[in-house]
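Single-structure report; data block below.
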Amino acid sequence: MNLSIISTATAAENAQETHPGVGAEGQAHHEGGFPPFQTENFAPQIVWLVVIFGLLYILMSRLALPRVGGILERRSEKIASDLEASRDMQTKAQAAAVANNETIRLRREEAQAIGREAQQNTATETLSRRSQAETEASEKIRAAEGRIADAKMRALANVEQIAIEAAGSIVEKLTGSKVDKDRLSAEFRNVKSS
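Start counting the sequence shown at 1; every next residue gets the next number (this note's numbering).
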């Protein structure tokens with residue numbers, strides 16, 4: 001295989017040397033320059049240029065541009081319908097926000113009314129309970145004052161009785177004679193009233 005590559009390269013070198021008009025670097029010598037720039041080739045190039053641009057124009061005007069135009073028109077219609085839908089949704093959202101704010105305002109007023117009513121009911125109930133408690137307390141105080149007065153009267157009556165008995169015992173021990181209880185009671189009342 002290596003031999004075949006080497007033999008092919010050698011054959012190519014020999015072929016270069018045998019052909020006239022081939023330069024040392026393997027390039028052909030052409031007279032007159034680059035063929036597309038030669039004036040005798042301009043007419044066919046212009047014909048082919050017109051044919052190719054004509055076909056390109058026909059393809060673009062009949063196939064590509066109508067498709068692109070249709071796409072642009074559909075896109076424009078879609079954008080317009082989306083904008084209209086967006087406006088409708090925005091209008092609905094604003095209406096919903098207004099309705100929501102109104103509902104919130106009404107609920108707030110209801111809550112405040114319920115709070116005021118509860119406060120009034122509580123105040124009324126508190127006043128009624130307070131007056132009832134004050135009435136009950138007054139009655140209990142009067143009853144207690146009556147019981148205290150009765151107890152005081154009984155205690156004073158007992159004290160008076162005890163004082164009369166004690167005075168009678170003292171007089172009896174000092175004098176040796178017994179004193180009349182009625183007389184001692186009268187004297188005790190005289191001393192008490194003065």
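Don't be surprised by glycine CBs; every beta carbon is placed ideally from N, CA and C.
By DSSP, does residue i sit in helix, in strand, or in coil?
i, result
"D180", "coil"
"G33", "coil"
"Q38", "coil"
"S194", "coil"
"A186", "helix"
Quick one: is residue i buried, meaning 16 or more other Cβ sit within 10 Å of its Cβ, or exposed?
i, result
"I164", "buried"
"G26", "Because G26 carries a pLDDT of 49, less than 50, the predicted location of this residue cannot be relied on, and no value is offered for it."
Nearest chain D C-beta to residue i closer than 7 Å, yes or no?
i, result
"I164", "Checking the listed chains, one finds no chain D in this structure; it contains a single protein chain."
Could you tell me which of the options sits nearest to residue i, measuring between CA atoms?
i, options, result
"S193", "A166, I170 and E160", "E160"
"G168", "F188, S86, A151 and A157", "F188"
Give every residue of the same chain whose Cβ lies closer than 6 Å to the Cβ of residue i, excluding the five residues on either side of it in the sequence, and list them in chain order.
i, result
"A151", "none"
"R87", "none"
"V171", "V179"
Within its chain, find whatever has a CB closer than 8 Å to the CB of residue i; leave out the 5 residues flanking it on each side and keep chain order.
i, result
"Q112", "none"
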